[in-house]
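In our numbering, the protein residues as written are 151 to 472. Idealized CB from N, CA, C, for every residue including glycine. Quick notes on the structure that follows.
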Amino acid sequence: MKEQILKKIERDQTLYIHLKQKEMIDPSILEKIRSDAYCIEANLEANILSYSFQNLVPLSYFLEQYIFQEEEGYCFLIDLLERAINVNRNKPVLLDTESIYVSSKGTEFGFIVLPLQLDCWMYRHDECKEFIQDLARRYRTNSAYEISGYLYQSLRQKEFSIPNVIIGLKMLQKKYFPKKWYHLQKRESGFIAREEIGTYCSRAIEFIEEEARTPEFEHTQILFHPQQETSAYLYDGQDRYELMFEQMIVGRAMSCEIRLQEASVSLKHAKITKTNERYYLQDLKSANGTFLGEKRVIRKMRLKNGMKIVFGNKQLEFHEPL
Numbered sequence: 151m152k153e154q155i156l157k158k159i160e161r162d163q164t165l166y167i168h169l170k171q172k173e174m175i176d177p178s179i180l181e182k183i184r185s186d187a188y189c190i191e192a193n194l195e196a197n198i199l200s201y202s203f204q205n206l207v208p209l210s211y212f213l214e215q216y217i218f219q220e221e222e223g224y225c226f227l228i229d230l231l232e233r234a235i236n237v238n239r240n241k242p243v244l245l246d247t248e249s250i251y252v253s254s255k256g257t258e259f260g261f262i263v264l265p266l267q268l269d270c271w272m273y274r275h276d277e278c279k280e281f282i283q284d285l286a287r288r289y290r291t292n293s294a295y296e297i298s299g300y301l302y303q304s305l306r307q308k309e310f311s312i313p314n315v316i317i318g319l320k321m322l323q324k325k326y327f328p329k330k331w332y333h334l335q336k337r338e339s340g341f342i343a344r345e346e347i348g349t350y351c352s353r354a355i356e357f358i359e360e361e362a363r364t365p366e367f368e369h370t371q372i373l374f375h376p377q378q379e380t381s382a383y384l385y386d387g388q389d390r391y392e393l394m395f396e397q398m399i400v401g402r403a404m405s406c407e408i409r410l411q412e413a414s415v416s417l418k419h420a421k422i423t424k425t426n427e428r429y430y431l432q433d434l435k436s437a438n439g440t441f442l443g444e445k446r447v448i449r450k451m452r453l454k455n456g457m458k459i460v461f462g463n464k465q466l467e468f469h470e471p472l
């Protein structure tokens, strides 16, 4: 399903998703989104969806900020996965820790649903695996370490599915945190964070750029009128990537300002910053390295017009405005 997304950008507590093909949209799902309290309402204009997530934070941010203690991790993850399944029963939830939103106390969830035709989301086994793997990677605890181990182990099971992951978590919870005979008959499964996590600020990104032209869009789709003609850019011989902002992350992740869908490129591979009208390149501990010409980027290096940059095996050329 993620292959239907051309670009995903946050600005001012709103998530914008630019779909590749308008004809793949199923308008009937928009009504299902509105009637589901766990969904963040979607507004559609052309093939751009917008979701306002006021008072919520991305799940990825919550997991980075919060350290689970004792039984908390079980309660939170079981609640999260059960709600995701319920919402996904008749509409496609975007299973991505950066596209699921949660309240600062961890008690409420807001899911992003893409109104796509059934053919786009029938088979999502690999996406489910990627989601569970990302949860395992981001989960932090000072006690229940067995949860991360179990999540990784579940990925290798032949009968892998999110419902089976939930069953396994409940079995582990019963093993490591058994009910005492004097407890209430039903286990309290709700999660409430011990304290609210810190304030989350969306990155101020002001445009969505279409990376592949279609007959419907001959030019870049502009949302907030940036001064595009004054920006530097990267060029790979086919696509042009504008360097519009003071800081831009290059990588494979959907949250990156410059997204390169190459296997050799890390999720967050490198960073390009602009200071006093000069551009600098910095590697973000990528697996396959970043190279400027024939030199490997070890520390921040200045970019000059015409320089060749290699991210993994992907080569681009840097151009400054005239």
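What are the boundary residues of the alpha helix (DSSP H) that includes residue 307? Run containing residue 307: none; DSSP gives neither H nor E here.
From residue 461 to residue 426, what does the alpha carbon distance come to, in whole angstroms? 25 Å
Is the beta carbon of residue 382 closer than 8 Å to that of residue 393? yes
Count the other CB atoms, across all protein chains shown, that sit within 10 Å of the CB of residue 153; report buried if there are 16 or more and exposed otherwise. exposed
Does DSSP put residue 296 in a helix, a strand or coil? helix
Pair every Cβ in the segment 256-264 with every Cβ in the segment 185-193, then say whether three or more of these pairs are closer than 8 Å. yes
Anyone know if the C-beta pair for residue 286 and residue 326 falls short of 8 Å? no
In angstroms with no decimal places, state the Cα-to-Cα distance between residue 324 and residue 234. 22 Å
Please identify the residue among 435, 448, 397 and 410 whose C-alpha is closest to the C-alpha of residue 429. 397
Pick helix, strand or coil for residue 230, following the three-state DSSP scheme. helix
Would residue 255 and residue 405 be called neighbours here (beta carbons separated by less than 8 Å)? no
Taking Cβ positions, are residue 442 and residue 459 nearer each other than 8 Å? yes
For residue 465 and residue 329, I'd like the C-alpha separation in whole angstroms. 58 Å
Is the beta carbon of residue 180 closer than 8 Å to that of residue 242? no
Rounded to whole angstroms, what's the CA-CA distance from residue 171 to residue 197? Just pull it up for me. 7 Å
Skipping 5 residues on each side, what residues in its chain have a beta carbon closer than 7 Å to that of residue 283? 305
Using CA atoms only, rank isn't needed, just tell me which of 288, 240, 420 and 386 is closest to residue 267. 240
Round the Cβ separation of residue 494 and residue 213 to the nearest angstrom and send it over; I've been treating them as touching at under 8 Å. Lying outside 151 to 472, the shown extent of the chain, residue 494 is not represented and no answer is given.
Tell me where the alpha helix (DSSP H) around residue 276 begins and ends. 275-288
Where DSSP assigns a beta bridge to residue 247, which residues make up the other side? According to DSSP, residue 247 bridges with nothing at all.
By the 10 Å Cβ neighbour count, where 16 or more other Cβ atoms means buried, how is residue 160 classified, buried or exposed? buried
Taking the continuous beta strand (DSSP E) assigned at residue 194, which residues delimit it? 192-195
Would you tell me roughly how many angstroms separate the C-alpha atoms of residue 232 and residue 151, rounded to the nearest one? 20 Å
Would you mind reading off the limits of the beta strand (DSSP E) that contains residue 315? Element bounds for residue 315: not the beta strand (DSSP E) but the alpha helix (DSSP H), 312-326.
In whole angstroms, what is the alpha-carbon distance linking residue 368 and residue 249? Confidence is the limiting factor: at residue 368 the pLDDT is only 36, short of 50, which leaves the residue's position unreliable and the question unanswerable from this model.
Whole angstroms are fine: how far does the CA of residue 156 sit from the CA of residue 467? 22 Å
Using CA coordinates, which residue listed in 253, 455 and 452 is at the minimum distance from residue 344? 253
According to DSSP, is residue 211 helix, strand or coil? helix
My output table needs one value for residue 174: the three-state DSSP class, helix, strand or coil. helix
Taking Cβ positions, are residue 224 and residue 319 nearer each other than 8 Å? yes
Below 8 Å CB to CB, which residues in the same chain sit around residue 340 once its five sequence neighbours on both sides are set aside? 225, 229 and 257
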